[in-house]
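Here's the structure, in structure tokens; my notes come after.
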Amino acid sequence: MAFLEVVEKISFFDLKTNIDNGNIADLFKEDCKINVTSSGNNHLVLGDSSGQVHLVTRSWSVHSFRAYELCTDHLYQLKNSSLLVTIGQDEPGVNPLIKIWDTNRLDKNGTPHCFRVTRALPGNRPVQVSALCVHENLQLMALGFVDGSLMLYRGDITRERSSKQKLLRDASSTVTGLAFKSTSSNIYLFLATDSSVLVYNITHKDKEERIHLDNIGCAKRCCVLAESIQESHFMVGRNDAVYCYTTDGRGPCYAIDGEKVMLEWFRSYLIIISKTNRPTAVNSVSNGNQSSGLQGDSITVLDIHNKFIVFSATMSRIKAVLNEFGSFYLIDEENRVYHLDEKDLQSKLSLLFKKNLYDIAIRIAKSQQYDTEGLVDIFKQYGDHLCNKGDYTGAIEQYIKTIGKLEPSYVIRKFLDSQHIEKLTMYLQALHKERQATEDHTTLLLNCYTKLSNTLGQNEGLKEFILSKDSDLSYDVDVAIKVCRQGSPSEALMLAKRHEKHDWYIKLLIEDHQKYCEVLEYISSLNFENAETYMRKYGNILIEKVPNESTQFLKKLCTNYKPRDSMIISENALTGNYDLPHHAEPEDFIHLFLNNSERLVEFLEHVIEEGSILTTPVYNTLLEHYLHVWTNSQNDRTKWSQKILKLLQNPDIKYDKAQALVVCHMHSFGEGILYLYEEQKLYQQILRHHITKNDMNSILACCRRFGNQEPNLWVQALWSCVRDTPNPPQALLNEILTVIAKERLLSPQLVIDALGSENTDITVGHIKSYIMNELEQEQGKTAEITGLIQNYRKDTDKLKKQLETLKSGAIVIQGSRCAACHHPLELPTIHFLCQHSYHQHCFQSFCDEDQGCPACQPENKNLLELLKAREHNRDLNETFHSQLEKAHDGYSVAAEYFGRGVFNSYKDITNKAVKKLIEKKDEEEISRTLIPKVEKELRDYGYGAEARLRQSEKKPSQIIPPISEGKLRQQETSRYGSSLKSNTNFDKKKDVYTSNIPGTLNPFESDYDPSNNPFENEQEESEDDTNPFRDNYECDKNLNPFS
Amino acid sequence: MSYAYLFKYIIIGDTGVGKSCLLLQFTDKRFQPVHDLTIGVEFGARMITIDSKQIKLQIWDTAGQEAFRSITRSYYRGAAGALLVYDITRRETFNHLTTWLDDARQHSNSNMVIMLIGNKSDLESRREVKKEEGEAFAREHGLVFMETSAKTAANVEEAFINTAKEIYEKIQEGVFDINNEANGIKIGPQHSPTNPSLPGATGSSGSQGGGCC
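As you go down the protein sequences, you meet chains C and B in turn. For what it's worth, UniProt numbering labels the leading residue of the first sequence as 1, then goes sequentially. For what it's worth, UniProt numbering labels the leading residue of the second sequence as 1, then goes sequentially.
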């Protein structure tokens, strides 16, 4: 019934008449008529009652040939092969002949090549063939007979020999239809008779299986194998319905009334030709000369898949339905050819749209694999249509299907009216489900929810939306929270929590709900990083609102943080890894406590107790706030001060001392200040602190304590006593003065000056004992110094006498034994002024340096080294200054240095000395054999000159530093008395030097102009044999004047 | 797909009680709120497993309209099970059950398992037929009873599978002649005996199979 209702409305086919220009009709002008038809391989094949076969091409040109003498009964044109199977009669009687033709191979008469001619006789009975079917693989051919027999031919059908025939059935009712069906593994043969439907499984030769499908049969040509994409059915048309069969049994059935004449399958359409009792409708497209009185056939085209009729018409009797050239053709009784041209999809759809049959259109479009854009367009049109009709719910359903392609705003605009809010919500929900929603959509949806819950009390939508999993809906959580916040804060909160938008959650809790403790709870359940971040962000307000809890939390956070819900033993620990405890840097949070010193102190104390090492600023802050608390606290100041001191004294705590000092000062925390001063060795400051406090005992204690480190403290104390205290206690003053006197911190004069200078009540009585002491000491010192002066004078006199002796007296060398070998002296000998004499050879072997007396040499060397060392001591000025500073009596130092000649200009003296020396050298040259004379002359210069000479010998270019006798004396106090002896030693050594090696080791070489060099000539002379020194040098005994 | 048995079902009942929807829910697991009228007989199939045996259910979904009664009658024969469906929100569909049952009993083989189904159990608010009434009717006529909802899929699977179980038990008991395809039972291709003359008792059913011969 439903099929028919649609019939009047739509038609997917255009019926075109007379497309062959009457070509076909021309073929059958006489009494011969079309007996049988087939199609395939680009031909329509018509067999007529005169035995002719006509091949019709697409351009309606006809090729005819005679296949049989009498008539053609059956035709089967293979679809993809040029083979044509015909069954007809060559002779009268029942004598059907199978002929197999190749329509591509025509002989000269235009007759196709005939492969074989076989008689079709089941069991040698002459029976009319009633059905013919050939498998497309050309290996199977089935023949049904009027008596119900079925013949199956296997093997290549074009060859008679290889083809084996088998009688499969021997039954009563006429075979009315045959069809082969191939599946991937099996081949079936459907068979319809007048009274039954059967299927044979003919996959295996000689093992054919018969399955009985139904007890009702069908008329001839009323069965067809419908091969569609989904499933193949063998369709059998009966009067009440079209029944379908599968290889298993019965399938669906389509109730279509009418006596079926013919069933045909075209693409996915079932074409049903049935008899109708109604007179042929005056069809506008059909030929007008149709006699309306004739009984007509109704043609119905069914779309089986979509279950509706796509074409329906009534026309005169249909002779044949031919399916070829991608379309199908009808031939009616009068041999007119009709073409049913299928409309293209677009026009089909537009047809449906016009009729508002959108659901059908959608079905068709889907079944034809219409592209999504096209489908969306249909949905949209359908939606629009429903909208116009007022079926908004239906419309929304359609619009939802367009999500992803159609711009959502198009739909949203239509439904913005508050009446449609539910539908809009539905659409938006779908939009979110499809992950196509933008921020605006989320906002809108949430607003819809809010509105819905306000007006209709439907609160579930929003909750559901919020609680839905991420995978279900995708939306911008931030936006959602923002929107919810305005409408329903609790939902916003839920949303934030659900999506772990900690920031939002905390913000909402704080700003909208003022639930600070919950915030803390929440934060403490977060992992460390988050907790830290959010504490930083919101700590301020939390501390302000819930200081206690916040502090507790911060303590935890900064020491050993673990999320509240985390396992007691973390997985890491279980697996053996060391679990690093997290802790935040306390300094990041200090600023939070700005106005709450007590909390801060509590916090920091805890942190320090936990043993974490903090940075200097933290300690500084702690100290500062300690002091702050200390200042503010009324009752337990001592407790706090102890705490502060403990902090200050804790060596682990690295606070900035300078800053600590400043802070202590600011809060005038005396104990701290003192501790810090002491710590930094600022004893003066301590003293000053006490002085300002005017605490004499402390001053004294301080001085006593630190006096040995910083003696000046005493002086300071004195000054303070004098200056600041109008009446200093006697004991204090006395002690100070005693120490000053003992340590010689200040000259008595200054002390007295100091005491006298200020307006104090210090009387002489106060300092009597001090002055007495000082004077006594002074006297003792004077006496000591006087004694010293006398000693020096004595020494000087002694030295003068000795000098005199050396200058004027002669020295008798009386040594009779060689100092080296202790044998009696023999010439040549060498004598030294030190009273040592040597054999020349002894001397040469004994003495490695040829200089000075070997016996005295060690002693002399020591002396020389001392001199040298003194010379190196060049930073005399600095020594002087430092000594000056160190000394109690600066004047004496200055005097001593003056005595050493530090303040003299030494350069001139040196130069003079050198000039004198040069003069004497000249003299020496003249009287070089006269040793005593030389000695005498040299002696005039004293040992100081000798020393200078030595020095210049080593470093001729250098300026000889001043060496004062006083200094020498001072440093060699132990050898003071032996200066005379050393002088003589020097002289002797010089003697050796001058007499033996005057030329080769010229000490003045660099100082002298060579032209002026008195030894210059001598060197030239050294070539001369007569030069006695040359021989001497070579140790020629014969020419040696001493030998 | 290979199967041990193929059971043929038929779904009958007044028009609009949800026969096609039951089928659709069972075969495709979906629900179509708007369903075209069934013209003739529709057809669906699904594999199920009972007793670790693959069983193919072939289900004919018939048109409930009186006009198609003659067509659907021809389908009773050859069905091993029938789902007799009424709509709990429409009493007249319940009232017609007797007619349907008579029809079924008359045209089917006597062993056919019939299950009575009260559909649309999701529409509790519009219920007109009490569950107890359905149960009473089923008891009276020796049917299995179940209330289902094709919309929510409640009990849909169970309805089909329980029917299949019942059929299977009957096979085990030897009530059905499994070689007679008119009974609506077919042995799967791999289970069919090589020699068709022997009774089809194969595999596990062998012991009981003797009873049917």
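Ideal Cβ placement from N, Cα and C applies to all residues, glycine included. As the structure is a prediction and not an experimental result, all values here were calculated from the model.
Assuming residue i contacts residue j under a Cβ cut-off of 8 Å, what Cβ separation, rounded to an integer in Å, is found between them?
i                      : j                      : result
residue 74 of chain C  : residue 127 of chain C : Not really, about 13 Å apart at Cβ, beyond 8 Å.
residue 94 of chain C  : residue 132 of chain C : No, residue 94 of chain C and residue 132 of chain C are not in contact; Cβ-Cβ is about 16 Å, not under 8 Å.
residue 370 of chain C : residue 345 of chain C : 7 Å
residue 109 of chain C : residue 82 of chain C  : No, residue 109 of chain C and residue 82 of chain C are not in contact; Cβ-Cβ is about 18 Å, not under 8 Å.
Using DSSP with H/G/I as helix, E/B as strand and the rest coil, what is residue i?
i                       : result
residue 128 of chain C  : coil
residue 551 of chain C  : helix
residue 973 of chain C  : Confidence in residue 973 of chain C is poor, its pLDDT being 45 and thus under 50, which makes the residue's placement too unreliable to answer from.
residue 1026 of chain C : Caution applies to residue 1026 of chain C, whose pLDDT of 48 falls short of 50 and renders its modelled position unreliable; the value that the coordinates give is listed next. The answer is coil: DSSP assigns residue 1026 of chain C none of H, G, I, E or B.
residue 74 of chain B   : helix
residue 58 of chain B   : strand
residue 35 of chain B   : coil
residue 141 of chain B  : helix
residue 18 of chain B   : coil
residue 858 of chain C  : helix
residue 793 of chain C  : helix
residue 669 of chain C  : coil
residue 115 of chain B  : strand
residue 446 of chain C  : helix
residue 48 of chain B   : strand
residue 347 of chain C  : helix
residue 832 of chain C  : coil
residue 643 of chain C  : helix
residue 71 of chain C   : strand
residue 617 of chain C  : helix
residue 150 of chain B  : coil
residue 297 of chain C  : strand
residue 28 of chain C   : coil
Count the other CB atoms within 10 Å of the CB of residue i; is the residue buried (16 or more) or exposed (fewer)?
i                      : result
residue 768 of chain C : exposed
residue 87 of chain B  : buried
residue 56 of chain B  : buried
residue 822 of chain C : exposed
residue 408 of chain C : buried
residue 266 of chain C : buried
residue 91 of chain C  : exposed
residue 571 of chain C : Residue placement at residue 571 of chain C is poorly supported in this model, since its pLDDT is 48, which falls under 50; the coordinates still yield a value, given next. The residue in question, residue 571 of chain C, is exposed, as its Cβ has fewer than 16 Cβ neighbours within 10 Å.
residue 532 of chain C : buried
residue 147 of chain B : buried
residue 98 of chain B  : exposed
residue 58 of chain B  : buried
Looking only at DSSP bridge pairs, what is residue i linked to?
i                      : result
residue 77 of chain C  : C:84
residue 330 of chain C : C:321, C:338
residue 412 of chain C : DSSP, once it has assigned bridges, lists no residue as partnering residue 412 of chain C.
residue 118 of chain C : C:98
residue 817 of chain C : C:824
residue 54 of chain C  : C:46, C:64
residue 263 of chain C : C:272
residue 112 of chain C : C:106
residue 165 of chain C : C:153
residue 86 of chain B  : B:118
residue 182 of chain C : C:187
Select from the options the residue whose C-alpha is nearest the C-alpha of residue i.
i                      : options                    : result
residue 775 of chain C : C:549, C:129, C:752, C:789 : C:752
residue 255 of chain C : B:24, B:8, B:66            : B:66
residue 53 of chain B  : B:2, B:120, B:83, B:130    : B:2
residue 222 of chain C : C:899, C:717, C:234        : C:234
Are there any heavy atoms of the ligand GDP lying less than 7 Å away from the beta-carbon of residue i, as far as the coordinates show?
i                     : result
residue 32 of chain B : No copy of the ligand GDP occurs in the structure displayed, which carries no ligand at all.
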